[in-house]
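Visitor: Take this structure, written in structure tokens, and hold onto it; I'll ask about it next.
There are 2 protein chains.
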Amino acid sequence: MGVHNQPHAGLASRATLADVAKLAGVSGSTASLAFSGGSISSATRERVLTAARELNYSGPDPRARSLRQGRSGIVGVIIEDRVLNSFRDPMTLAALDGISQELGEGSGLLLLTATGDGESTIQSAVFDAAIFMGCSPHLARSIEIMRQRNVPMVAIEGQAFDGVLAVNIDNRHASAELAALVHTLGHRRLATVTLPLTSVRERAQLTDELVKTATTAVSLDRLLGARQVFANLGGIVAAGSSSDEGFAAGMELLSRPAEERPTAILAQSDLLAVGVIRAAEALALVVPRDVTVVGFDGARIEGFTDHDLTTVRQPATEKGRAAGSAVTALLAGETPGDVSLSSVLHVGSTSGPPAG
Amino acid sequence: MGVHNQPHAGLASRATLADVAKLAGVSGSTASLAFSGGSISSATRERVLTAARELNYSGPDPRARSLRQGRSGIVGVIIEDRVLNSFRDPMTLAALDGISQELGEGSGLLLLTATGDGESTIQSAVFDAAIFMGCSPHLARSIEIMRQRNVPMVAIEGQAFDGVLAVNIDNRHASAELAALVHTLGHRRLATVTLPLTSVRERAQLTDELVKTATTAVSLDRLLGARQVFANLGGIVAAGSSSDEGFAAGMELLSRPAEERPTAILAQSDLLAVGVIRAAEALALVVPRDVTVVGFDGARIEGFTDHDLTTVRQPATEKGRAAGSAVTALLAGETPGDVSLSSVLHVGSTSGPPAG
DNA sequence: GAAGCCATTCGAATCGATTCGATTTTCGGC
DNA sequence: GCCGAAAATCGAATCGATTCGAATGGCTTC
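Line by line, the protein sequences are chains A and B.
With our numbering applied, the first sequence covers 560 to 915.
With our numbering applied, the second sequence covers 560 to 915.
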């Protein structure tokens, strides 16, 4: 026992590997081998394990091990919003699932929320690599720190950042494709319902002002894609990706007299699109006869079976998997390149030519 | 530079606190104080921080810190299913959010999946406390290890386990209350749709056999509660908590001739109930005239607005918060007791007297 | 019987900080 | 200008393992 401090005050302090080694009559190094499965005779291993059992020793302390090895087996997953909001979105959840699949049971996922202000856990938590999920540049400081620490970073649909490997989908292109479809159908008066453009979660009119201050790469890209086809496309910025938000936005856009009302609405997510469709139906409009609604994501939405949504199907789980395998590669010392995944247009039954 | 090993091969290895101290011309202990905010003159602190900047040193290594302090600031959250399935359930997600709220930015949540087989990350990951989310006793071995390690454990709606603090809701009582309501309305022929009773995710008839081997406390308790009122209540075990599962089960239960068909269905979750209602409507039955459907949870379900579901509202976020604050207390050396939260009956518009 | 090998085992250094008690400074009060 | 308390700083021990190169031992092979 140390003459100095005793962190865990009181009681019998846990046994350490050294204690086990002593009881088993072997050196510390040998005892270590017994647990890590190094080259050791099975007789000795047995003796060590028995001693361990006797002392109630349950294996090497992960803290010490990770200090020595410089590896903890933990991958940090950094989300910007609170847990509830982030994972209510099926795409984000699917991506997390993809990460988890790819990394397997070997490593744990450390969920870190970065609200942007000041020093947070990000700087003091133990992890070997970081994956940003749709995070804004509030994190510049944290990223800088990780870079200094030599922690490999991967961003899923985040802003480009030096030293951060990017896993993206072709948001802009896919969005343009969708807009082109709508254009081809003959629509000329339309509106969009976008995902939040900044970290402020408030419904608002889509203004140039707002676009200029946008920090969310995903929504900006989707908007810009659509604007490649409809230059001045306006609309509403939703406060999040939910059908309720879509409903509210839809009500606002569609409850105008027919001649001002958009004949097509581009929603930036399927959840929003579903909400818009519900709003349309609440206003006694028929989809797609009176209004065409298209989404984005290809999410399977619980209980939405009346329509087959026209949308773009993005490889959500695949995004996570790609991020996971990038992390694995980076940790192995390789230098994988950025990943770009593509989405597939799905023409369903919610799009059609404008009435009249 | 060590004469021995060099874990991170190549390049200039990261600067350490000792290097910073040397450059600043102070002792290691003083340098440490500069970062941890101990009693130190601001002049010295500044000198240390400057030296740190110069060396590209970004602060104490979390690994070393956690070894010395015996604390990592990480709380393990153990789920049994894969991420996608676990958090698709709004109640589980809400609970996770509650945990995160309560623990705050101070600590990270380490997500660990316990599929039950063999040694996993659970045994080698760095964390100070563990929260089990609806986990079955597969984990006996892991629990044993954590106990030896002196890691405080909290289980949210898990099986009772020695040394594991329990945070529960009154599943049995609430379920009985709901069943009593249905009984009072006059129903005598009914069926239930339960959540999975074991870790096998497969739809099946509810048999005594299955009940006997049940490992999922939640569904078992809800079933037993209902059986306090309807002794031999039978039905279907769903493969998960989704409206699709509910739909399938509903179709099976309701597509019988009127005189055999249950007049009321007790679903063990709101998602299941919504599915059952959709099945009823698909079969041209009117709720609650032809069939009463009640749920459990009090979840706000996207796009389910036609009905006001009769259900029991459970404090899902609160469960998480309670678990979080229990963890905090345990880590502070206190000895909080088990927590039992109660749900509130909500009588909506999906329940009524049986027809005829 | 000596030499050569392979499989084990050991000792000591190391990972990078924190912490305690002791020592030195600083400074107000008289 | 001196004394004692409070503040700042330092040295050394410690947290609990892993790792490397060297040392030991038992075998086969010539």
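Every residue, glycine too, gets a C-beta built ideally from N, C-alpha and C.
Write down the C-beta distance between glycine 794 of chain B and leucine 765 of chain B rounded to the nearest angstrom, noting that I regard them as a contact closer than 8 Å.
Guide: Glycine 794 of chain B to leucine 765 of chain B, Cβ: 5 Å. Contact.
Visitor: Can you list, in chain order, the residues of its chain with a C-beta nearer than 7 Å to that of asparagine 730 of chain B? Leave out the 5 residues immediately preceding and following it.
Guide: Closer than 7 Å at Cβ, skipping near neighbours: Val777, Asp780, Arg781, Gly784.
Visitor: Counting beta carbon pairs with one atom in the stretch 831–849 of chain B and one in the stretch 810–823 of chain B, are three or more of them shorter than 8 Å?
Guide: In short, these stretches touch, since the Cβ pair count reaches three.
Visitor: If we count Cβ pairs, one from each stretch, closer than 8 Å, do we get three or more for the stretch 716–729 of chain A versus the stretch 682–697 of chain A?
Guide: Verdict: yes, contact present.
Visitor: Within the stretch 734–815 of chain B, note down every full alpha helix (DSSP H) run reaching 4 residues or more, in order along the chain.
Guide: If we require 4 residues or more, the alpha helix (DSSP H) runs fully inside the stretch 734–815 of chain B come out as 767–771, 776–788, 802–813.
Visitor: Per DSSP, asparagine 727 of chain A is paired with what?
Guide: Note: asparagine 727 of chain A sits in a beta bridge opposite A:Ser899.
Visitor: Take arginine 760 of chain B as the anchor and find which of B:Phe691, B:Thr772, B:Val796 has the nearest alpha-carbon.
Guide: Checking every option, the nearest Cα to that of arginine 760 of chain B belongs to B:Val796.
Visitor: Please confirm if glutamine 565 of chain A has its CB atom under 8 Å from at least one CB of chain B.
Guide: Reliability fails at glutamine 565 of chain A, whose pLDDT of 40 lies under 50, so the model's placement of it is uncertain and the value that follows must be treated cautiously. Chain B contact via Cβ: absent.
Visitor: From this set, A:Ser625, A:Ala808, A:Thr864, which residue's C-alpha is nearest arginine 838 of chain A's C-alpha?
Guide: Strictly speaking, residue 838 of chain A in this sequence is alanine, with arginine absent from that position. Checked all of A:Ser625, A:Ala808, A:Thr864; the closest Cα to alanine 838 of chain A is A:Ala808.
Visitor: Classify alanine 583 of chain B as buried or exposed, calling it buried when 16 or more other Cβ atoms lie within 10 Å of its own Cβ.
Guide: So alanine 583 of chain B counts as buried.
Visitor: Quick check on glutamine 718 of chain B - is its C-beta less than 8 Å from some C-beta in chain A?
Guide: Cβ-Cβ to chain A under 8 Å: no for glutamine 718 of chain B.
Visitor: Distance check for valine 636 of chain A and glycine 907 of chain A, CA to CA, integer angstroms please.
Guide: Looking at the two C-alpha atoms, the distance is approximately 35 Å.
Visitor: List in chain order: all unbroken alpha helix (DSSP H) runs of 4+ residues lying wholly within the stretch 648–709 of chain A.
Guide: DSSP runs (the alpha helix (DSSP H)) wholly in the stretch 648–709 of chain A: 649–662, 699–708.
Visitor: Run through the DSSP bridge pairs and tell me what isoleucine 633 of chain B is partnered with.
Guide: For isoleucine 633 of chain B, which the question treats as bridged, DSSP gives the partners B:Gly667.
Visitor: Taking all protein chains shown into account, decide if lysine 771 of chain B is buried (16 or more other Cβ within 10 angstroms of its Cβ) or exposed.
Guide: Lysine 771 of chain B should be labelled exposed.
Visitor: Could you give the DSSP three-state label for aspartate 856 of chain A: helix, strand or coil?
Guide: DSSP places aspartate 856 of chain A in strand when its eight states are reduced to three.
Visitor: In chain order, what residues of the same chain have a beta carbon less than 8 Å from the beta carbon of glycine 916 of chain B, not counting five sequence neighbours either side?
Guide: With chain B running from 560 to 915 in the structure shown, residue 916 of chain B is simply not present.
Visitor: Determine the DSSP secondary structure at histidine 866 of chain B, reduced to helix, strand or coil.
Guide: Of the three classes helix, strand and coil, the one that applies to histidine 866 of chain B here is coil, per DSSP.
Visitor: Do aspartate 578 of chain B and leucine 608 of chain B have their C-beta atoms closer together than 8 Å?
Guide: Against a cut-off of 8 Å, the Cβ pair of leucine 608 of chain B and aspartate 578 of chain B comes out as no contact.
Visitor: By Cβ distance, which residues of its chain are closer than 6 Å to leucine 825 of chain A, with the 5 residues on each side in sequence left out?
Guide: If we look at leucine 825 of chain A and ignore the five residues flanking it on each side, its Cβ neighbours are Thr751, Ala785, Val853.
Visitor: Which first and last residues belong to the alpha helix (DSSP H) in which alanine 623 of chain A is found?
Guide: Taken as a continuous stretch (DSSP letters only), the alpha helix (DSSP H) holding alanine 623 of chain A covers 621–628.
Visitor: Could you give the DSSP three-state label for alanine 817 of chain A: helix, strand or coil?
Guide: Correct three-state label for alanine 817 of chain A: coil.
Visitor: Under 8 Å Cβ-Cβ, which residues of chain B neighbour glycine 693 of chain A?
Guide: Within chain B, no residue comes near glycine 693 of chain A; the closest Cβ sits about 17 Å away, beyond 8 Å.
Visitor: Considering just the uninterrupted stretch of the beta strand (DSSP E) at alanine 914 of chain A, what are its terminal residues?
Guide: Taken as a continuous stretch (DSSP letters only), alanine 914 of chain A belongs to no beta strand (DSSP E), as it is neither H nor E.
Visitor: From the DSSP output, read off the bridge partner residues of leucine 643 of chain A.
Guide: Leucine 643 of chain A is not bridged to any residue.
Visitor: Does DSSP classify alanine 574 of chain B as helix, strand or coil?
Guide: It is coil, neither helix nor strand.
Visitor: Please classify histidine 563 of chain A: does DSSP put it in a helix, a strand, or coil?
Guide: The predicted model places histidine 563 of chain A with a pLDDT of 42, which falls under 50 and marks its position as unreliable; any figure quoted below should be read in that light. Reduced to three states, the DSSP call for histidine 563 of chain A is coil.
Visitor: By the three-class DSSP mapping on this structure, what secondary structure does threonine 909 of chain A have?
Guide: Reduced to three states, the DSSP call for threonine 909 of chain A is coil.
Visitor: CA-CA distance, threonine 575 of chain A and arginine 573 of chain B?
Guide: The straight-line gap from Cα to Cα measures roughly 29 Å.
Visitor: Taking 8 Å as the CB-CB cut-off, is aspartate 849 of chain B touching chain A?
Guide: Aspartate 849 of chain B does not count as touching chain A.
Visitor: When you compare the CB of leucine 668 of chain A with every CB in chain B, is at least one pair closer than 8 Å?
Guide: Closer than 8 Å: yes.
Visitor: Tell me, please, whether the stretch 598–612 of chain B touches the stretch 643–661 of chain B by the rule of three or more beta-carbon pairs shorter than 8 Å.
Guide: With the cut-off at 8 Å, the stretch 598–612 of chain B and the stretch 643–661 of chain B do not touch.
Visitor: Kindly say whether serine 908 of chain B, judged by its beta-carbon, lies nearer than 8 Å to any beta-carbon of chain A.
Guide: It does not: the Cβ of serine 908 of chain B has no partner Cβ on chain A nearer than 8 Å.
Visitor: Could you give the C-beta distance for threonine 864 of chain B and alanine 653 of chain B, rounded to a whole number, given that I count them as a contact under 8 Å?
Guide: In fact, because the Cβ distance is near 20 Å, the residues do not count as touching under 8 Å.
Visitor: What do you get for aspartate 856 of chain B, buried or exposed, if any count of 16 or more other CB atoms within 10 angstroms of its CB means buried?
Guide: Looking at its Cβ environment, which holds 16 or more other Cβ atoms inside 10 Å, aspartate 856 of chain B is buried.
Visitor: Using beta-carbon positions only, say whether aspartate 829 of chain A and alanine 798 of chain A come within less than 8 Å of one another.
Guide: Not a contact, by the Cβ cut-off of 8 Å.
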